[in-house]
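Taking it in order: structure first as structure tokens, then the write-up.
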Amino acid sequence: MNILILDEEVYLAQKVAIRLQEEGNYCTHVSNIKEVNFHEEYDVILLSTNISSSDVHKIIANFKESIVILLVSYINDTTVTKPLKDGAMDYIVKPFIMDELVRKIYHYVEFKELKKQNKNLQNYIDFAFYNTQIECELPQTLPFAIETNDQRLADKIVLDVALKLNKTIKFISLENHTKIEPEQFADDLLYIYDFHYAKKGSKDIILKTIESYDVIISSLEDIDSIPFEKVTIKSTSKLSTVDSILTINDYVKLMVTSFQEKYPDTELSKRLGISRKSLWEKRKKFGIEKSKGNKSE
8 MNILILDEEV YLAQKVAIRL QEEGNYCTHV SNIKEVNFHE EYDVILLSTN ISSSDVHKII
68 ANFKESIVIL LVSYINDTTV TKPLKDGAMD YIVKPFIMDE LVRKIYHYVE FKELKKQNKN
128 LQNYIDFAFY NTQIECELPQ TLPFAIETND QRLADKIVLD VALKLNKTIK FISLENHTKI
188 EPEQFADDLL YIYDFHYAKK GSKDIILKTI ESYDVIISSL EDIDSIPFEK VTIKSTSKLS
248 TVDSILTIND YVKLMVTSFQ EKYPDTELSK RLGISRKSLW EKRKKFGIEK SKGNKSE
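Its first residue numbered 8, the sequence shown is counted upward by one per residue in the numbering used here.
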């Protein structure tokens, strides 16, 4: 990491720098704001609040992406409260134990990385479930089963339930497992998918085993004779069932039927790389009725 130490106490700053450099970090020490290189990017800034409050604010404002930890001699609104409101992450009171400062630094570095990962995962989830709408009444108690032709629908339901219950999801595929021990996941939401792969005997045992646990089962085939509630939800999109390479004509037919409600003909033909006239001809050839929900031009 690239670390800036802004502190007028040279001995203390050097002691901190040596400790952090021993752990493979690069440290720069300056005694006042005039020595700060504002064009440099720092992962962490250790900032003494013995300098003027305006300089403290300037450092925090100019290094918004850095983790700023305040080095304070005493606590008041100027040294702690205001800088924290401005964007500093935390503070430590002098004199401090070196291990405590190092712990704070790595804690916030990890926290920042986890926030970034969480944001990326949330963006991916939003992308993956874009236009995935659940329009059926879900059971109010667990366990329950989902019977669907689109795995994404089941996955979306499980995610929503986990968020509502504030539980971690544990995934188990019955394509690879034949035995389930739900007591190992008593504090989690257990998601058993690929239920259609299991043999009848295994299914009966699993259904009996999970009766008193927070479990959701999903199957791409019909589920018969279960001791708890089942929700059946079908996707009207044919995209979810495509499992082989299509001919050009079949592809065009699939795209038109799947997306003609989303795009007007001008946009649809443009995305398919054909003219509006060709789109009209293909509708006629394939017997595709123009959707009433097709957007106006």
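We put the beta carbon where it would ideally sit given N, CA and C, even for glycine.
Query: Three-way DSSP call (helix, strand, coil) for L275 in this model; Result: helix
Query: Bridge partner(s) assigned by DSSP for D229; Result: According to DSSP, D229 bridges with nothing at all.
Query: Counted within 10 angstroms of its Cβ, other Cβ atoms place Q267 as buried (16 or more) or exposed; Result: buried
Query: Cα-Cα separation, Q124 to E117; Result: 10 angstroms
Query: Which of helix, strand or coil DSSP assigns to I223; Result: strand
Query: Where F202 falls: helix, strand or coil (DSSP); Result: helix
Query: Beta-carbon proximity of L196 to D221, cut-off 7 angstroms; Result: yes
Query: Length of the line joining the Cα atoms of N9 and H46; Result: 13 angstroms
Query: DSSP-derived helix/strand/coil call for I179; Result: strand
Query: contact_flag[the region 32–52, the region 71–82] where n(CB pairs < 8 angstroms) is 3 or more; Result: yes
Query: Contact check, I179 vs A169, beta carbons under 7 angstroms; Result: no
Query: Cα-Cα separation between E236 and A152, rounded to whole angstroms; Result: 6 angstroms
Query: Residue burial classification, F70 (beta-carbon count within 10 angstroms, cutoff 16); Result: buried
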